[in-house]
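Student: Got a structure for you, written out below as structure tokens; questions coming shortly.
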Amino acid sequence: MTTQSLKIPKTDQQLLRERAKQFVFDYPDLHDLAYSVVSKIMLQHTQKVFNPDKVYWHRFGSASSSPRTFTGWQHSGKPLQSMTLIELLMQNFNAHDQEASDELSLYGGFYTDGPDHEVFDERNEVPMLPQTLLAEMWTLDFSSLYTRRMERFWSSHSENFCILAKAHYLVAAGNCLRKGQLSPDDFKHVTRFVVTDPSQPATLKALRDSPLVTPGLSVHTLDINGVKTYDMLRIVIADGREVIYRPDAEQPFQVFENERALYNWLKVQFASEQAGKALTGNFLRGEAARTQDSVSFRAESVNCSRMTGVPMSDLSINPGHPSWVIPLFICVISRVRS
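Residue 279 in full-length UniProt numbering is what sits at position 279 of the sequence shown, and the numbering runs on without skipping anything.
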């Protein structure tokens, strides 16, 4: 088998490109949304146009009164805390600020100069009270606004994402076959549950369709000590060989003769500081995962890197979550990462 079968007819290639462009164009950019929201707030309250990336919220430990400033206070020296308005909108004021908002304009303010500037007064002040932005943020609920945008996006683009994810998977498999990183048999195994017939051109219809259950093949998340990574696939072949798919790796597909070989590979990865950190990032993505699973997972990975001649069961490589609905399963890749 050659990569010729993976070629997509020109018309379908054009349709895929159009879908990809529209997908990227419609994706809700967090920074762009924050920029738009903050710009409107500043224009409304100052009647001036500012670049939110160049306007800073500074918090100081002291203040001196000034009749020339908008807040009535001026500051000197390095701020105790500093961030752009974009960052402030995303992080929100802390709980104390929300409870004692009257102190915000005393010890803080908005300025066009960054934290390295020495003096913060009417010359670099943005004429807007911190309490004003706090009130706007309460009314706006930026997190909910962005969540609604994302929900509308996925409602419109879920199918496009699945199609593009499968196309990316097939291209990666074809590249690995061409480089000798996948044998023809392995190539057939890893592609036949993505499209019904890998020997035929990967048309748009083929990418849309859901292949039937593939005998002698199972696909799982990679699961270590109960912590799963949803941006890596663990493909188990009937003869005992296993294949790991990492879409963001330089070599996306890696083949192992058996579970022991996979175990040894994980040991080597975790023993390397750089590789171990990268692999850990696949498992602990997002604040919730880092908070909930980081202690147990890091302990498991450290134990793994120190093991020599220890039974594989001590590493707790679990079967993970099997899924025969592969199109949906592959669509979890990268979407969870985002």
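Note that the Cβ used here is the ideal one computed from N, Cα and C, for glycine as well.
Computed from a predicted model, the values in this text were never measured in an experiment.
With a CB to CB cut of under 6 Å and the five nearest residues on each side skipped, what residues in its chain are close to Gly-216?
Tutor: Locating residue 216 in the sequence shown gives position 216, where the first residue counts as 1. Cβ neighbours of Gly-216 beyond the five flanking positions: Ala-238.
Student: Can you name the residues that DSSP bridges to Glu-242?
Tutor: By one-based count along the sequence shown, residue 242 stands at place 242. DSSP output for Glu-242 lists Val-236, Phe-256 as bridge partner(s).
Student: Work out the CA separation of Arg-152 and Ser-76 for me, nearest whole Å.
Tutor: Position 76 of the sequence shown holds residue 76. Position 152 of the sequence shown holds residue 152. About 46 Å.
Student: For the alpha helix (DSSP H) containing Gln-44, name the first residue and the last one.
Tutor: On the sequence shown, residue 44 is found 44 positions in, with the first residue counted as 1. First-last of the alpha helix (DSSP H) with Gln-44: 30-46.
Student: Across the segment 136-149 and the segment 24-40, are there enough close Cβ pairs to call them in contact, namely three or more that are closer than 8 Å?
Tutor: Contact between the segment 136-149 and the segment 24-40 is present: 3 or more CB-CB pairs across the two stretches fall below 8 Å.
Student: When DSSP builds the beta bridges, which residues end up paired with Ser-144?
Tutor: For the purposes of this step, residue 144 is taken as the residue at position 144 of the sequence shown. Paired residues: none, contrary to the question.
Student: Under 7 Å Cβ to Cβ from Arg-306, same chain only, skipping five residues before and after it: list those, please.
Tutor: Sequence index remark: in the sequence shown, residue 306 carries index 306 (1-based). Caution applies to Arg-306, whose pLDDT of 42 falls short of 50 and renders its modelled position unreliable; the value that the coordinates give is listed next. Cβ neighbours of Arg-306 beyond the five flanking positions: none.
Student: Short of 7 Å in beta carbon distance, which residues of its chain neighbour Tyr-111, apart from the five on each side in sequence? Order them along the chain.
Tutor: What you label residue 111 is simply residue 111 of the sequence shown in a count that begins at 1. Here the set comprises Tyr-56, His-58, Phe-120, Asn-124, Glu-125, Val-126.
Student: At which residues does the alpha helix (DSSP H) containing His-189 begin and terminate?
Tutor: Walking along the sequence shown from the start, residue 189 turns up at place 189. Unbroken alpha helix (DSSP H) run through His-189: 184-191.
Student: Straight-line CA distance for Arg-148 to Phe-256?
Tutor: Along the sequence shown, one-based indexing puts residue 148 at 148. Along the sequence shown, one-based indexing puts residue 256 at 256. Between Arg-148 and Phe-256, the alpha-carbon positions lie close to 42 Å from each other.
Student: Label Gln-14 either buried or exposed according to how many other C-beta atoms from any shown protein chain fall within 10 Å of its C-beta, with 16 as the threshold for buried.
Tutor: One-based indexing of the sequence shown puts residue 14 at position 14. By the neighbour-count rule (16 or more Cβ atoms within 10 Å), Gln-14 is not buried but exposed.
Student: Between which two residues does the alpha helix (DSSP H) carrying Leu-88 extend?
Tutor: The residue you call residue 88 lines up with position 88 of the sequence shown. Leu-88 -> alpha helix (DSSP H) spans 85-91.
Student: Give the secondary structure of Phe-25 by DSSP, where H, G and I count as helix, E and B as strand, and everything else as coil.
Tutor: Residue numbering aside, residue 25 sits at position 25 when the sequence shown is read from its first letter. Per DSSP, reduced to three states, the secondary structure at Phe-25 is helical.
Student: Measuring straight from C-alpha to C-alpha, what distance separates Pro-130 and Met-42?
Tutor: The count along the sequence shown starts at 1 and reaches residue 130 at position 130. The count along the sequence shown starts at 1 and reaches residue 42 at position 42. Cα to Cα, the separation comes out at about 11 Å.
Student: Just the C-alpha distance for Leu-134 and Arg-192, rounded to the nearest angstrom, thanks.
Tutor: On the sequence shown, residue 134 is found 134 positions in, with the first residue counted as 1. On the sequence shown, residue 192 is found 192 positions in, with the first residue counted as 1. Distance between the alpha carbons of Leu-134 and Arg-192: 54 Å.
Student: My output table needs one value for Leu-70: the three-state DSSP class, helix, strand or coil.
Tutor: Within the sequence shown, numbered from 1, the residue matching residue 70 stands at position 70. This sequence places Phe at residue 70; Leu is not what is there. Looking at Phe-70 - three-state DSSP - the assignment turns out to be coil, as it is neither helix nor strand.
Student: In three-state DSSP terms, what is Arg-17?
Tutor: Your numbering for residue 17 matches position 17 in the sequence shown. Looking at Arg-17 - three-state DSSP - the assignment turns out to be helix.
Student: Ends of the beta strand (DSSP E) at Ser-218?
Tutor: Indexing the sequence shown from 1 puts residue 218 at position 218. Where Ser-218 is concerned, the enclosing beta strand (DSSP E) stretches over 217-224.
Student: Should Leu-170 be counted as a contact of the ligand SAH given a C-beta to heavy atom distance under 7 Å?
Tutor: By its list of ligands, the structure shown contains no ligand whatsoever, and the ligand SAH lies outside what it can speak to.
Student: DSSP on His-117, reduced to helix/strand/coil?
Tutor: Numbered from its first residue, the sequence shown carries residue 117 at position 117. Looking at His-117 - three-state DSSP - the assignment turns out to be coil, as it is neither helix nor strand.
Student: Going by CA-CA distance only, name the one from His-31, Leu-266, Gln-47 that's closest to Met-90.
Tutor: As a first step, residue 90 must be located in the sequence shown, where it is residue number 90. Measuring from the Cα of Met-90, the nearest candidate turns out to be His-31.
Student: Arg-59 lies in the beta strand (DSSP E); which residues open and close that run?
Tutor: Along the sequence shown, read from residue 1 onward, the residue named residue 59 stands at position 59. Arg-59 -> beta strand (DSSP E) spans 56-59.
Student: Please state whether DSSP places Gln-81 in a helix, a strand or coil.
Tutor: Locating residue 81 in the sequence shown gives position 81, counting from the first residue. Gln-81 falls in the strand class under three-state DSSP.
Student: Between which two residues does the beta strand (DSSP E) holding Gly-108 run?
Tutor: For the purposes of this step, residue 108 is taken as the residue at position 108 of the sequence shown. 108-111 is the span of the beta strand (DSSP E), which, as asked, contains Gly-108.
Student: Let's see if you can read the secondary structure: which residues bound the alpha helix (DSSP H) around Ala-206?
Tutor: Taking the first residue of the sequence shown as position 1, residue 206 is located at position 206. It spans 204-208 - the alpha helix (DSSP H) in which Ala-206 sits, taken as one unbroken run.
Student: Since Gly-240 contacts Asn-264 with CB under 8 Å, what's their CB separation in whole angstroms?
Tutor: What you label residue 240 is simply residue 240 of the sequence shown in a count that begins at 1. What you label residue 264 is simply residue 264 of the sequence shown in a count that begins at 1. With 8 Å as the limit, Gly-240 and Asn-264 do not qualify as a contact, their Cβ atoms being about 15 Å apart.
Student: Apart from the five residues just before and just after Gly-69, which ones in its own chain have a Cβ nearer than 7 Å to its Cβ?
Tutor: The residue you call residue 69 lines up with position 69 of the sequence shown. At residue 69 the sequence reads Thr, which differs from the Gly that was named. Cβ within range, chain order: Asp-121, Glu-122, Glu-125.
Student: How about Gly-72 and Ser-65: do their beta carbons lie closer than 8 Å?
Tutor: As a position in the sequence shown, residue 72 is number 72, starting the count at 1. As a position in the sequence shown, residue 65 is number 65, starting the count at 1. Yes, they are a contact pair.
Student: Ignore the nearest five residues each way along the sequence and tell me which others in Gln-274's own chain have a CB closer than 8 Å to its CB.
Tutor: Here residue 274 corresponds to residue number 274 of the sequence shown, with the count starting at 1. Excluding positions up to five away in sequence, the list is empty.
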